[in-house]
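Here the structure is laid out as structure tokens; the discussion comes afterwards.
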Amino acid sequence: MIPIPGQGHVAQLMKLAHRISDHGIMVTFVNSDFIHEKVVAVLPEEAAARSWIRLVSIPDGLDSGGDRKDFNKLIESFDRVMPGHLKGLIEKLNSSSNEDEHITCVISDIALERRPMEVAEKMGIQWCRFVLLHLKTLALALHIPKLIEARIVISTDGSPLNGMAMGVPFLCWPFFTDQFLNQNYICNKWKVGLELKPDENGFVSIHEIKEKIEILVSYKSKFGEVE
-16 MIPIPGQGHV
-6 AQLMKLAHRI
4 SDHGIMVTFV
14 NSDFIHEKVV
24 AVLPEEAAAR
34 SWIRLVSIPD
44 GLDSGGDRKD
54 FNKLIESFDR
64 VMPGHLKGLI
74 EKLNSSSNED
84 EHITCVISDI
94 ALERRPMEVA
104 EKMGIQWCRF
114 VLLHLKTLAL
124 ALHIPKLIEA
134 RIVISTDGSP
144 LNGMAMGVPF
154 LCWPFFTDQF
164 LNQNYICNKW
174 KVGLELKPDE
184 NGFVSIHEIK
194 EKIEILVSYK
204 SKFGEVE
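Mapping the sequence shown onto this note's numbering, position 14 (from 1) lands on -3, and the numbers just tick up by one.
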């Protein structure tokens, strides 16, 4: 099981790991070295000894003094080095004479996209992806085809320039890497879209989503007039 190296993602996948291990299934939980050290430091030794969860780690690609508060930089680095380290880790664990400790399925954070899955496929191992989304967010994601049809958003297979050429106003909800840069240009510089803003608790409310969609649905003027 491998989460993106962020506290919220690690916590949610750890909950899933405990649910799986409650059924007597060994779970190998792969953190970055940096997060692994913090987890082990606060974990009681007796709890670790009794657990069916095996904690292991791989490098995140940054040196010891690297800025891990820069989430975009951290994810880009981890995404670059993770496949090779993950493959090496699986090979090492699966060389054990104890088959109960072998990796037979890779469960990855969906935020890591397909990198872990590609490793698993090449090694002939089953895989699945874990979606860390609120039900409301998941429902919105499942309705994206209808929003595309209504010319409110464009498919992630497209680009901002393609959308602009088609006359499509944007609804921006960036997650990581260059998506934040795209939002800045779309909403602040080019003024061809609207940003979904989180509330004081850091969550994007259903009211915020509904309000921005209604604005875009009723939008009839040219791009430069979207405020």
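Where is the CB? At the ideal position from N, CA and C, for every residue including glycine.
How many whole angstroms separate the CB atoms of residue i and residue j, which I take to be in contact at a CB cut-off of 8 angstroms?
i	j	result
residue 92	residue 61	Between residue 61 and residue 92 the Cβ distance is about 11 angstroms, and since that is not below 8 angstroms, they are no contact.
residue -4	residue 39	Incorrect: roughly 14 angstroms between the Cβ atoms, too far for contact.
residue -16	residue 90	5 angstroms
residue 69	residue -8	Rounded, the Cβ-Cβ distance is 16 angstroms, inconsistent with contact.
Straight-line CA distance for residue i to residue j?
i	j	result
residue 139	residue 178	Residue confidence for residue 139 is low, a pLDDT of 49 falling below 50, so the modelled location carries little weight and cannot support an answer.
residue 183	residue 25	29 angstroms
residue 100	residue 94	12 angstroms
residue 129	residue 154	14 angstroms
residue 15	residue 7	25 angstroms
residue 169	residue 107	42 angstroms
residue 109	residue 96	16 angstroms
residue 122	residue 185	19 angstroms
residue 293	residue 51	Absent from the model: residue 293. The displayed extent of the chain is -16 to 210, so no value can be given.
residue 55	residue 200	32 angstroms
residue 27	residue -2	17 angstroms
residue 198	residue 111	37 angstroms
residue 219	residue -10	In the structure as shown, the chain starts at -16 and stops at 210, and residue 219 therefore has no counterpart that could be examined.
residue 104	residue 162	28 angstroms
residue 167	residue 98	27 angstroms
residue 19	residue 46	15 angstroms
residue 171	residue 196	18 angstroms
residue 2	residue 53	31 angstroms
residue 189	residue 88	35 angstroms
Considering only the beta carbon of each residue, do residue i and residue j sit closer than 8 angstroms?
i	j	result
residue 65	residue 41	yes
residue 34	residue 4	yes
residue 48	residue 63	no
residue 175	residue 152	yes
residue 10	residue -6	no
residue 180	residue 194	no
residue 76	residue 84	yes
residue -13	residue 12	no
Taking residue i as part of the beta strand (DSSP E), name the residues at either end of that continuous run.
i	result
residue 10	10 to 15
residue 249	Here the chain comprises residues numbered -16 to 210, so residue 249 is not present and cannot be evaluated.
residue 154	153 to 155
residue 113	109 to 113
How is the alpha helix (DSSP H) around residue i delimited, first residue to last?
i	result
residue 3	-10 to 4
residue 100	98 to 105
Exercise for the section: Just list the beta strand (DSSP E) runs in the segment 31 to 96, keeping only unbroken ones of 3 residues or longer that don't cross its boundaries, in chain order. Expected result: 36 to 41 and 88 to 92
Handout entry: Contained alpha helix (DSSP H) runs [length at least 4] in the segment 161 to 202, N- to C-terminal order
Key = Qualifying alpha helix (DSSP H) stretches, in chain order: 162 to 166 and 189 to 200.
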